[in-house]
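First residue of the sequence shown? That's 1252 in the numbering used here, and the numbers climb one at a time after it.
Where a beta carbon is used, it is the ideal one built from N, C-alpha and C, also for glycine.
Remarks on the structure that follows.
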Amino acid sequence: MWHWLRDHQRRNILATPFPKTWETILNTNVAHYKRLNETERKELKDLVQVFIAEKHWEGCGGLSLTDEIRVTIAAQACQMTLALPHEVYRHVESIFIYPSTVVTPERQPGMFESNRMPVLGSVPILGQAQVRGPVILVWDSVKANARHPETGHNVVYHEFAHKLDMLDGHADGTPTLSSKEEYTQWVQICEREFLRLRSDSKNGRHTFLNAYGATNEAEFFAVITEQFFDQPAALQKHHSELYNVLKRFYQQDPALRDETINARME
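Next up, the structure:
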């Protein structure tokens, strides 16, 4: 019954034509939108309509929500799942957006908590994803990242990669995969690349991969997702096996997509 109701509601959502003003936002703010083929663009627009309608959106820190904010965020989150089951964001119920960098409050230990780890102080963040909780984003970073993918930094990809990782209830850097063979390949390649990045970062060696990925396995997955979509050709060149495991997981080939677009422009 729930699935019937959900599907019925989504059909009603998609019965409304995609607003022309939203199309303008996609063309202006989301650089990757222009790299999609017509079929992918149509699929993305459908996903955006449903995503915006089904999630709770809240402006924080004095930010007034606009269609530009919702569409820009939704398009990037949904681009990641173009070839994935559409329920992968089922645990994303709320999205909180701040105008600029937000500082988290100092975490106080619980009444029955043993202080075996240092209590973290206030930390400035651009985004945050919580297990079975909201996604928090900073609008000025979201907009800049969406317009300039060449930087390899994208807070929406990063935080929603965490949400894909958290589908099994915790963040460990391994999302839900389709087979035992895929899990084996994922662990072998990602563990090797993670340890290599950690060693390079510790010893001050320059790496193509963002050094923040050396923090832990969860951050590693989020970072390589950013670079998979934003710097696909370079990732494929420097870390071909890593590129291939992400290509298999996301069922997309952004390097080929960019190569096709570049060939058309020549």
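* Bounding residues of the beta strand (DSSP E) (the contiguous stretch that carries residue 1389) -> 1386–1389
* Taking the alpha carbon of residue 1458 as the point to measure from, which residue in 1478, 1412, 1265 has its own alpha carbon closest? -> 1478
* Asked: In whole angstroms, what is the alpha-carbon distance linking residue 1380 and residue 1420?
  -> 13 angstroms
* **Residue(s) in a DSSP beta bridge with residue 1347** => 1309, 1387
* Could you tell me the boundaries of the alpha helix (DSSP H) in which residue 1462 lies? => Segment: none, residue 1462 is in no alpha helix (DSSP H) and carries neither H nor E.
* Burial state of residue 1368, where buried means 16 or more other Cβ atoms lie within 10 Å -> Confidence in residue 1368 is poor, its pLDDT being 36 and thus under 50, which makes the residue's placement unreliable; the coordinate value appears in the next sentence. The residue in question, residue 1368, is exposed, as its Cβ has fewer than 16 Cβ neighbours within 10 Å.
* Asked: Between residue 1468 and residue 1445, which are expected to be in contact by the criterion C-beta below 8 angstroms, what is the C-beta distance as a whole number of angstroms?
  -> 6 angstroms
* Counting only the same chain and skipping the five closest in sequence on each side, list residues whose C-beta sits under 7 angstroms from that of residue 1269. => 1296, 1300
* To do: Apply the 10 Å Cβ neighbour rule to residue 1396 and answer buried if 16 or more other Cβ atoms are within range, or exposed otherwise.
  => buried
* To do: Pull up the CB-CB distance for residue 1278 and residue 1327, whole angstroms please, since I reckon it's below 8 angstroms.
  => About 14 angstroms; that fails the 8 angstroms criterion.
* With DSSP collapsed to three states, give me the class of residue 1334. => coil
* Neighbour flag for residue 1377 against chain C, beta carbons, 9 angstroms -> Included in the structure is just one protein chain, with no chain C present.
* Asked: Is it the case that the Cβ atoms of residue 1413 and residue 1473 are separated by a distance below 9 angstroms?
  -> yes
* To do: Output the distance between the C-alpha atoms of residue 1292 and residue 1332, rounded to the nearest integer angstrom.
  => 13 angstroms
* Three-state secondary structure (DSSP) of residue 1363 -> For residue 1363, the predicted structure reports a pLDDT of 36, less than 50, and the residue's modelled location is therefore unreliable. A value from the coordinates is still provided. In the structure shown, residue 1363 sits in coil (DSSP, three-state: anything other than H, G, I, E or B).
* **Runs of alpha helix (DSSP H) lying entirely within the region 1254–1321, each at least 4 residues, in chain order** => 1271–1280, 1289–1305
* **Distance CB(residue 1415)-CB(residue 1324) smaller than 9 angstroms** => no
* To do: Between the Cα of residue 1385 and those of 1352, 1448, 1340, spot the shortest distance and give me the residue it belongs to.
  => 1340
* Coarse secondary structure for residue 1478, derived from DSSP in three states -> helix
* residue 1439 versus residue 1453: straight-line alpha-carbon distance, rounded -> 21 angstroms
* Which residues in the same chain have their Cβ closer than 8 angstroms to the Cβ of residue 1334, if we skip the five residues on either side of it in sequence? -> 1501, 1502, 1503
* **Residues bridged to residue 1324 [DSSP beta-bridge criterion]** => Paired residues: none, contrary to the question.
* Asked: Thinking C-alpha only, which one of 1344, 1493, 1383 is nearest residue 1306?
  -> 1344
* Which residue's Cα is closest to the Cα of residue 1382: 1376, 1390, 1401, 1417? -> 1417
* Minimum C-alpha distance to residue 1304 - residue among 1263, 1490, 1403, 1342 -> 1263
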